[in-house]
Amino acid sequence: MIRRPPRSTLSSSSAASDVYKRQELGFDYIRTDYRYSAIYENGEWNQGSLTEDDQILIHEGAPTLHYAQQCFEGMKALTTANGDVCLFRPSLNWERMNSTAPRLLLPAVPRELFLGAIEETVRANYSWIPPYGSGAALYVRPMLIGVGENLGLKPAEKYEFRVFVSPVGPYYKDSGMAMISLAVSEFDRAAPNGTGKFKAGANYAGGLLATLNAQGIGANEALYLDSANNKFIDEAGSANIVVFTKDEKFITPSSDAILPSITRRSIMELAEIELNLMTEERPIDLRSEFQNFSEMAACGTAAVLAPVGKIWFDEKWHSMPGNENSDSSVMKNLYELLVGIQRGEIEDKFGWLHSIDIGL
Ligand code: PLP
Ligand code: COI
Numbered sequence: 001m002i003r004r005p006p007r008s009t010l011s012s013s014s015a016a017s018d019v020y021k022r023q024e025l026g027f028d029y030i031r032t033d034y035r036y037s038a039i040y041e042n043g044e045w046n047q048g049s050l051t052e053d054d055q056i057l058i059h060e061g062a063p064t065l066h067y068a069q070q071c072f073e074g075m076k077a078l079t080t081a082n083g084d085v086c087l088f089r090p091s092l093n094w095e096r097m098n099s100t101a102p103r104l105l106l107p108a109v110p111r112e113l114f115l116g117a118i119e120e121t122v123r124a125n126y127s128w129i130p131p132y133g134s135g136a137a138l139y140v141r142p143m144l145i146g147v148g149e150n151l152g153l154k155p156a157e158k159y160e161f162r163v164f165v166s167p168v169g170p171y172y173k174d175s176g177m178a179m180i181s182l183a184v185s186e187f188d189r190a191a192p193n194g195t196g197k198f199k200a201g202a203n204y205a206g207g208l209l210a211t212l213n214a215q216g217i218g219a220n221e222a223l224y225l226d227s228a229n230n231k232f233i234d235e236a237g238s239a240n241i242v243v244f245t246k247d248e249k250f251i252t253p254s255s256d257a258i259l260p261s262i263t264r265r266s267i268m269e270l271a272e273i274e275l276n277l278m279t280e281e282r283p284i285d286l287r288s289e290f291q292n293f294s295e296m297a298a299c300g301t302a303a304v305l306a307p308v309g310k311i312w313f314d315e316k317w318h319s320m321p322g323n324e325n326s327d328s329s330v331m332k333n334l335y336e337l338l339v340g341i342q343r344g345e346i347e348d349k350f351g352w353l354h355s356i357d358i359g360l
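Start counting the sequence shown at 1; every next residue gets the next number (our numbering).
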């Protein structure tokens with residue numbers, strides 16, 4: 001049996017309730033009360049349990065520290081209009097973690113452990129879940145790390161699967177649909193046959209300087225082109241890219257080097273089914289196709305769907321013509337559909353919401 005905290009210990013501290021009133025709630029770590037930890041050793045997972053300890057004590061030789069043998073996931077728990085607490089398509093996060101795991105010689109995480117640990121952690125931190133209408137969410141961060149004593153370049157013999165949560169506001173400044181800018185990076189994010197399509201922390205370490213450089217010229221994020229040709233759009237530092245063209249096609253890059261975004265997959269489905277748009281997943285040549293772009297957006301769990309107002313490449317800014325924040329923009333329509341479903345304001349006819357029994 002998984003240990004659950006008695007209801008009386010569920011945080012009712014003013015820290016939890018006050019956090020949503022703070023205007024500055026952005027995408028920063030806020031310590032909540034419980035996290036979940038399970039250990040894999042001698043070929044099997046233990047059942048794991050909730051803990052209040054936010055520190056991980058690991059051996060100095062642990063492969064996660066030296067050789068980045070780790071991966072992670074990200075999703076949000078939202079309070080819907082009827083008061084339910086829901087995750088958005090969490091089975092796809094489980095599938096993605098288990099597609100990343102074998103590439104890094106990490107053990108697979110069983111579905112019951114993955115979803116059970118997330119549900120337990122969300123439930124135990126009930127009072128930290130932002131209320132409906134706050135615009136905030138409880139971000140859920142599952143992680144899988146190679147721990148234990150090691151020195152040579154080889155996989156760990158012991159692993160920890162951990163889930164922690166933190167209340168978050170918008171990833172980009174302001175609330176709702178913030179207009180962002182991207183700067184094409186001089187660095188490559190991932191090699192064509194590398195680890196770009198996996199949610200490996202190592203991909204992000206290489207992107208820290210790219211993000212800093214992009215911010216140095218006034219952009220929110222780095223935009224990566226494919227590393228083989230420096231031509232086709234891959235993705236942004238923390239989000240995939242979608243484009244609405246002047247000839248009314250809704251397109252997104254096909255690339256083996258980008259993270260298969262669950263948000264993008266959902267948006268492509270909404271564009272096709274709800275907005276009746278012609279959708280295409282194909283290589284997108286930034287320089288030669290840019291003049292045919294009407295709207296562009298970055299999409300992901302943290303980013304949601306953020307319209308891109310301008311892009312820096314070839315030493316200058318290029319503005320996106322159709323990305324006015326007008327009611328008629330395709331990105332605005334898609335944002336409202338996506339967020340409407342996530343908030344339980346629009347019928348979830350695709351069955352995307354996974355409700356958590358909070359047990360109160
Ligand atoms: N691309 C990268 C590099 C990301 O870090 C993320 C965030 O998870 C995404 C895309 C979007 O993926 P998802 O929509 O599954 O969150
Ligand atoms: C997410 O959107 O969940 C991510 O993992 C992006 C992260 C780099 C903040």
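We treat Cβ as the ideally placed atom computed from N, Cα and C, and that holds for glycine.
All values reported here derive from a predicted model rather than from experimental measurement.
Give me the residue from Gly340, Asn193, Ala298 and Lys246 with the minimum Cα distance to Ser181. Start at 1 with the first residue of the sequence shown, and residue 181 comes out as number 181. The option with the nearest alpha carbon to Ser181 is Ala298.
Nearest CA to the CA of Asn220: which residue from Ser238, Asn203 and Ile233? The sequence position of residue 220 within the sequence shown is 220, counting from 1. Among Ser238, Asn203 and Ile233, the Cα nearest to that of Asn220 belongs to Ser238.
Straight-line CA distance for Pro90 to Lys249? Here residue 90 is taken as the residue at index 90 of the sequence shown, counted from 1. Here residue 249 is taken as the residue at index 249 of the sequence shown, counted from 1. Taking the Cα positions, Pro90 is about 29 Å away from Lys249.
Tyr139 and Gly301 - do their beta-carbons sit closer together than 9 Å? In the sequence shown, the residue the question calls residue 301 occupies position 301. In the sequence shown, the residue the question calls residue 139 occupies position 139. First, the residue type needs correcting, since residue 301 is Thr and not Gly in the sequence shown. Their beta carbons are under 9 Å apart, which means Thr301 touches Tyr139 by this criterion.
Limits of the unbroken alpha helix (DSSP H) element including Gln55: The sequence position of residue 55 within the sequence shown is 55, counting from 1. Per DSSP, Gln55 belongs to no alpha helix (DSSP H) and is neither H nor E.
Limits of the alpha helix (DSSP H) - the one that Arg123 falls within: To locate residue 123, count along the sequence shown from 1; it is residue 123. Segment Arg111 to Ala124, the alpha helix (DSSP H) holding Arg123.
According to DSSP, is Ala222 part of a helix, a strand, or is it coil? On the sequence shown, position 222 is the one that residue 222 refers to. It is a strand residue.
Once you ignore the five residues that flank Ser355 on each side, which residues in its own chain have a CB closer than 6 Å to its CB? The count along the sequence shown starts at 1 and reaches residue 355 at position 355. For Ser355, where only same-chain residues beyond five positions count, the Cβ hits under 6 Å are Asp84 and Cys86.
Let me know if Phe244 comes out buried or exposed under the rule of 16 or more other beta-carbons within 10 Å of its beta-carbon. The residue labelled residue 244 in the question sits at position 244 within the sequence shown. It is buried - the Cβ of Phe244 has at least 16 other Cβ atoms within 10 Å.
My guess is that Ala62 and Gly148 are in contact by the Cβ rule of under 8 Å, so how many angstroms apart are they, rounded? Position 62 of the sequence shown, counting from 1, holds the residue named residue 62. Position 148 of the sequence shown, counting from 1, holds the residue named residue 148. The pair is a contact, with the Cβ atoms about 6 Å apart (cut-off 8 Å).
Using the rule of at least 16 other Cβ atoms within 10 Å of the residue's Cβ for burial, across every protein chain shown, is Asp188 buried or exposed? For this step, residue 188 is matched to residue 188 along the sequence shown. Buried.
Quick one, are the C-beta atoms of Ala190 and Tyr224 less than 9 Å apart? In the sequence shown, residue 190 corresponds to position 190, counting from 1. In the sequence shown, residue 224 corresponds to position 224, counting from 1. Yes, the pair counts as a contact, with Cβ atoms nearer than the cut-off.
Please find out if some non-hydrogen atom of the ligand COI comes closer than 8 Å to the beta-carbon of Ser238. As a working mapping, residue 238 is identified with position 238 in the sequence shown. Yes, the Cβ of Ser238 comes within 8 Å of a heavy atom of the ligand COI.
Quick one: does the C-beta of Tyr34 sit closer than 8 Å to a heavy atom of the ligand COI? By one-based count along the sequence shown, residue 34 stands at place 34. Not under cutoff, so the answer is no.
Check whether the region 66 to 79 and the region 38 to 49 are in contact - that is, three or more C-beta pairs closer than 8 Å. With a cut-off of 8 Å, the region 38 to 49 and the region 66 to 79 do not count as touching, because too few Cβ pairs lie within range.
Return yes when the Cβ of Leu212 is within less than 9 Å of the Cβ of Pro155, no when it is not. Residue numbering aside, residue 155 sits at position 155 when the sequence shown is read from its first letter. Residue numbering aside, residue 212 sits at position 212 when the sequence shown is read from its first letter. It is not a contact, given that the beta carbons lie outside the stated cut-off.
Thr195: beta carbon under 8 Å from a heavy atom of the ligand COI? By one-based count along the sequence shown, residue 195 stands at place 195. No; taking the cut-off as 8 Å, the Cβ of Thr195 has no heavy atom of the ligand COI nearer than that.
Does the beta-carbon of Thr301, which I'm using as the reference point, lie nearer than 8 Å to any heavy atom of the ligand COI? The residue labelled residue 301 in the question sits at position 301 within the sequence shown. For the ligand COI, at least one heavy atom lies less than 8 Å from the Cβ of Thr301.
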